[in-house]
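All remarks here apply to the structure that follows.
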Amino acid sequence: MITWLWSHVNALLTTLARLVRTPVATLLNVGVLGIALALPAGLYVGLANIQGYARSLAANPQLSVFLALDAGDADVAGTETRLRGHPGVASVRYVPRDEALTQIKSRTGLADVVDSLKENPLPDAFVVQPRDATPQVLEQLRDELRGWPGVAHVQLDAVWARRLEAGLKLARLAVWLLATLFAFALVAVTFNTIRLQILTRREEIEVAKLIGATDPFIRRPLLYFGAVQGLAGGLTAWAIVAISLYWLNGGLADLSQLYGTRLELQQLSARDGLSLLLFSAVLGWFGAWLSVNQHLARLDLR
Amino acid sequence: MISFSKVWKRYPGGLEALRNVTFTIAAGEMVFITGHSGAGKSTVLKLTAAIERPSGGSIIVNGQNVGALRPGAVPYLRRNFGLIFQDHKLLFDRNAFENVMLPLQVNGFERREAARRVRAALDKVGLLAKEKAFPITLSGGEQQRLAIARAIVHRPAILLADEPTGNLDAGYAADIGELFRSFNQVGVTVVIATHDEALAARLQPRVVALKAGVIVT
């Protein structure tokens, strides 16, 4: 048991020593793997961000009913009663035009602009929470409300979010397709590195076999090599994504300050990151395994 | 310990390297396999270490039928041997110490114990002072001694050497001969394939002489 453990520790140390001994080749290989993995991982993070945003909107669909600018108190009261009596409406919140203006002043940082206005350009509005959130019902309700007297405009915030989400589903499929392709690339790159390793270490492998090395003894460092290289590639990809997001967030902070909101891209979650590492290590191991099986069998003793 | 019975070895293309070869080597013996090049000396060693398989007959080493061994068992058979090759087969990207370390790594020795044994083996062949030297910087005789150190470091019961004095001058060859004698004196079975008559005269071993794949003595 101890011997077995030792042989694994030895194989791992040998592997690390080999990686360190050829720093340029190692860096280039790991770089290639890192970039190959960073592309799907980055897209995945981007999608996850958009998706989270879209979902928070879509989960809570609302209709905004804007009255005409010249609507009087009677129109407001009449519309409110009709809305409350409507069977498709769950709840109604009245947003008077003055309140809307104060909100804009306090939330958006456009106080100067608002103060310079001679009169309030905003209409009175109702925020309507529908009972049924399916897109067809929502659109039907919108069309109905639009026809009421005194109503100038009805906006459905959720529909575009839902459409976005449907689009995102497609994009997510594309990410997986891309990930599969790059996974194949990772396996191919590892396959080739291990092939080169076997060719350059041909003598060593031959001698080891002649003095009684078992096949697992010879395979082990090569398989570790593939796994460690894959893992390093995964780490590089994670770092690339993290640093890019950090930079993007820096830019976004400036941008969102201009718009008075706070936009921030979420980093790859720890769970997703660890999955990425596991995925890349396993793929590296697999590439090495394929290569070892292909090339060791052909290595005949002389 | 090693017994060949009616062994044939035919290579693809029809060359018959061994024809009906039968002999036995007892534990602790020193035996020379002699003959001209092409007589089948190396083939005997390769068959013994399961590097090649016989076309007919049986080879028994330590009670195991080498020809019928499954591939997974071959490495364990080979650990009984110390193999010394005509072309040394040293690894040129490792220093002397690391070259001798290899069999112990293969056998799964603990590091400190392994290092101790490596130094003992290097000391035995007189290369302790050169443990950091790379093989390329060693003379032909030193390379051969390094190869011997690697063959004996895991204390095998049987030493198989293929032309160990092949391209050495007489002085070096005599040193190497003395090394083999000292291993044999502590009970190691030594089998040497050679056509070096001076070495045979010095060590006075039992001789199995081959001529065109047939035993002649």
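One line per chain: the protein sequences are A and B, in this order. Residues in the first sequence are numbered consecutively from 3, following my numbering. Residues in the second sequence are numbered consecutively from 5, following my numbering. Beta carbons: idealized from backbone N, C-alpha and C, even for Gly.
7 Å Cβ cut-off: residues of chain B touching residue i
| i | result |
| --- | --- |
| A/I200 | Here the premise fails: no neighbours, minimum Cβ distance about 15 Å. |
| A/T216 | P79 |
| A/T5 | G112 |
| A/F219 | V110 |
| A/E206 | L95 |
| A/V26 | In chain order: nothing, as chain B lies at least about 17 Å away. |
Residue i classed as buried or exposed, judged by whether at least 16 other C-beta atoms fall within 10 angstroms
| i | result |
| --- | --- |
| B/S34 | Here residue 34 of chain B is Met; the residue named in the question, Ser, does not match the sequence. B/M34 comes out buried. |
| B/L19 | exposed |
| A/I245 | exposed |
| A/K211 | buried |
| A/V32 | buried |
| B/N69 | exposed |
| A/N295 | exposed |
| A/I196 | buried |
| A/V11 | exposed |
| A/T24 | exposed |
| B/V190 | exposed |
| A/G235 | buried |
| A/A127 | buried |
Contacts around residue i, its chain only, beta-carbon distance under 7 Å, and the 5 residues preceding and following it disregarded
| i | result |
| --- | --- |
| A/W287 | L225, G228, A229, G232 |
| B/L131 | A100, E146, R149, L150, A153 |
| B/P209 | M34, V35, F36 |
| B/A21 | K13, Y15, G44, T47, G217 |
| A/V1 | Nothing in the structure corresponds to residue 1 of chain A, since chain A is present only between 3 and 304. |
| A/L199 | At residue 199 of chain A the sequence reads Gln, which differs from the Leu that was named. For A/Q199, where only same-chain residues beyond five positions count, the Cβ hits under 7 Å are L224, F227. |
| B/P107 | R154, V157, H158 |
| B/A31 | M5, T193 |
Residue i and residue j closer than 9 Å at C-beta
| i | j | result |
| --- | --- | --- |
| B/A54 | B/R14 | no |
| B/G61 | B/T28 | no |
| A/E208 | A/L301 | yes |
| B/G112 | A/W6 | yes |
| A/V156 | A/Q131 | no |
| A/A38 | A/L188 | yes |
| B/D200 | B/Q90 | no |
| A/L85 | A/V97 | no |
| B/L164 | B/I88 | yes |
| A/L65 | A/R144 | yes |
| B/V192 | B/T38 | no |
| A/G44 | A/L237 | no |
| A/Q53 | A/R133 | no |
| A/G214 | B/V110 | yes |
| A/L247 | A/Q269 | yes |
| A/V191 | A/V47 | no |
| A/D217 | A/A50 | no |
| A/V153 | A/T81 | yes |
Chain A contact residues for residue i, given Cβ-Cβ distances below 7 Å
| i | result |
| --- | --- |
| B/I29 | Near B/I29 there are no residues of chain A at all, since even the closest Cβ is about 20 Å away, more than 7 Å. |
Contacting residues, own chain, Cβ-Cβ under 8 Å from residue i (five flanking each side not counted)
| i | result |
| --- | --- |
| B/N84 | V65, N66, P160, A161, I162 |
| B/K10 | N24, V25, T26, G60, G61, S62 |
| A/A185 | F281, L285 |
| B/L183 | K128, V129, R149, I152 |
| B/N140 | What sits at residue 140 of chain B in the sequence shown is Ile, not Asn. Cβ neighbours of B/I140 beyond the five flanking positions: F96. |
6 Å Cβ shell around residue i - same chain, five flanking residues per side excluded
| i | result |
| --- | --- |
| B/V129 | R149, I152, A153 |
| B/V220 | A213 |
| A/P223 | A13, T16, T17 |
| A/A181 | P42 |
| B/E176 | Glu is not the amino acid found at residue 176 of chain B; the sequence shown has Tyr there. Result list for B/Y176: G145, in chain order. |
Counterpart residues of residue i in DSSP-defined beta bridges
| i | result |
| --- | --- |
| B/W12 | B/G60 |
| B/T193 | B/I162 |
| B/F27 | B/F8 |
| B/E20 | B/R14 |
| B/M34 | B/V194 |
| A/Y96 | A/F128 |
| A/L65 | A/V130, A/L158 |
| A/Q231 | For A/Q231, which the question treats as bridged, DSSP gives no partner whatsoever. |
| B/F85 | B/I162 |
| B/I219 | B/L214 |
| A/V191 | DSSP lists no partner for A/V191. |
| B/N69 | B/I64 |
Under 9 Å by beta carbon: chain A residues contacting residue i
| i | result |
| --- | --- |
| B/K136 | Simply none; closest approach about 17 Å. |
| B/I83 | For the record, residue 83 of chain B in the displayed sequence is Arg; it is not Ile. By Cβ distance, chain A contributes I213, G214. |
| B/L106 | E206, V209, A210, I213, A215 |
Chain B residues whose Cβ lies nearer than 9 Å to that of residue i
| i | result |
| --- | --- |
| A/S9 | Q109, G112 |
Interface residues of chain B facing residue i [CB-CB closer than 8 Å]
| i | result |
| --- | --- |
| A/N12 | Q109 |
| A/V294 | Residues of chain B passing the Cβ test: none, with the nearest at roughly 16 Å. |
Interface partners of residue i on chain A, CB under 8 Å
| i | result |
| --- | --- |
| B/L203 | Within chain A, no residue comes near B/L203; the closest Cβ sits about 23 Å away, beyond 8 Å. |
| B/L87 | L212, I213 |
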